[in-house]
Structures are given as C-alpha cells and as structure tokens.
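In what follows, a structure is listed as structure tokens, so that the remarks can point back to it.
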Amino acid sequence: MKYEKLIANMDELQKRGLVFGSSITVTTQNIGEVTSDSFLSKLSGLGCKAVIFVEFVPVTDESKDLAPGDKEREYLKGEIERLRREHPEMVYISFPGDEKSSGGCVAAGRGFFHINSHGGAEPCPFSPYSDINVRDTSLKEAMNSRLFRELRDGGYLLEDHPGGCTLYERRTDVERIMADSNR
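Using our numbering, the first residue of the sequence shown is number 1328, and each one after it goes up by one.
Here is the structure:
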C-alpha cells in the first residue's frame, strides 16, 4: 500500500509540473537493482529528475553486512559515471561518494539540503537540525539560514572524515551552533 501511495504521489507531482528527486539507500543487497537502467528508467518515467544514492550506514552490529565496502563503492562510482554519461536527463548524486570531488560534505546547501515533514530545512537527513522553515520563507532564504551559513563558512563540511556523516560525527558542534542561534 505504501508503494502504491508513493507512485501516486510521484504521478501527481509530475501532473503539476513540479520538479522532484528521490533518495535511494544503497546496500550490499540492492546495489545492482537501484543502479539498473530499468529501475532508473521507471523513476524517470514517473517524472523524477534527480537521484541521490545514499550509502547505508549501519547502526547495529547485525546490519554491518549491508554497508557498502570498497568493492561496492567502486562499483557505485563506475555506475554513476555511466549513468551521468548515458542518462543526462537526470541528476545523479552519490553520498558520501561525491564529497571527494566536491571538496567536502555536500550538505547545508553545498549541493543539497533536506526538508523534514514539518517544513524545517535541515543540513541533511543525518543532521536533523533546523533553524528555518520553508513554510515561512523561500528556498533561497532557507539555503542561507544562519545554521547553513555557519556550517559552510566555519569549515565543518570541508574536513576529511573516516566515512559515514561528518555532521553526525560533529553533532555536538551542530548542537552548539543551534543553541547559540537560539540565544
């Protein structure tokens, strides 16, 4: 039932001429399917204009085998290069794969940001902090919120890190920025 609702929502967005993208969690078990031409052609046919491939990050020891390793990351990198060449009708972003070519994390408006179900503009889904709501402001203003500016200008997104999410790893810094902005 949830799948049918998702497809119906995509159909409605396409009918209204709205641009939308899709975030796909990549695991060791689905990497071939979610990068396949048939899967991505279906998304494109539904009106999807961007795909963000997000590498699965385990939160328990039991799920570690789902996290892409070096072999899967190399495969994903090659597939994204191929997709960008062969299917330019869509934008493909790899997270965290594109961080190296982008000079750091692409969150907080450096490449994307996340809007939560309440309209809060967050640096990314893994850093669920917001100081501005898109219901009350424009997307341009949201991208230049105090939190996003401080994260970009303060160098928090440019540091090299061992993997996963740099903002999650530095969540105490993000929480401090949020606390300072509420004063």
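Where is the CB? At the ideal position from N, CA and C, for every residue including glycine.
Exercise. How should V1346 be labelled, buried or exposed, when 16 other C-beta atoms within 10 angstroms of its C-beta is the threshold for buried?
Worked result: Classification of V1346: exposed, given that the 10 Å Cβ count is below 16.
Exercise. Quick one: is E1416 near chain D, going by C-beta distance under 8 Å?
Worked result: Note that chain D does not occur in the displayed structure, where there is just one protein chain.
For this session: Below 8 Å on the Cβ atoms is my guess for V1386 versus I1351; work out the distance and round it to an integer in Å.
Result: In fact, because the Cβ distance is near 18 Å, the residues do not count as touching under 8 Å.
Exercise. Between S1454 and Y1402, which are expected to be in contact by the criterion C-beta below 8 Å, what is the C-beta distance as a whole number of angstroms?
Worked result: At roughly 27 Å, the Cβ-Cβ gap does not stay under 8 Å, so S1454 and Y1402 are not in contact.
Exercise. With DSSP run on the structure shown, which of helix, strand or coil describes I1504?
Worked result: helix
For this session: Grab me the residues of N1357's own chain with a C-beta within less than 8 Å of its C-beta, minus the 5 sequence neighbours each way, in chain order.
Result: none
Problem set entry | Check whether V1433 and D1425 have beta carbons under 8 Å apart | yes
Exercise. In terms of DSSP beta bridges, what is G1447 paired with?
Worked result: N1460
Exercise. CB F1383 to CB V1353, shorter than 8 Å?
Worked result: Closer than 8 Å, so yes.
Exercise. E1389 by DSSP, collapsed to three states: which one?
Worked result: Residue state for E1389 is assigned as helix, using DSSP reduced to three classes.
Exercise. What separation, rounded to the nearest whole angstrom, lies between the Cα atoms of I1459 and L1466?
Worked result: Distance between I1459 and L1466, taken at the CA atoms: about 10 Å.
For this session: Verify whether the separation of the beta carbon atoms of A1435 and L1485 is less than 8 Å.
Result: Taking C-beta atoms as the reference points, A1435 and L1485 fail to come closer than 8 Å.
Exercise. According to the Cβ coordinates, are H1441 and P1452 closer than 8 Å?
Worked result: yes
For this session: Less than 8 Å between the CB atoms is what I'm expecting for T1355 and P1415, so what's the real figure, rounded?
Result: The Cβ separation is near 28 Å, so there is no contact.
Exercise. For I1407, which residues of its own chain have a beta-carbon under 6 Å away from its beta-carbon, when the five flanking residues on both sides are left out?
Worked result: Y1419, S1421
Exercise. Can R1473 and S1429 be called in contact, C-beta distance under 8 Å?
Worked result: no
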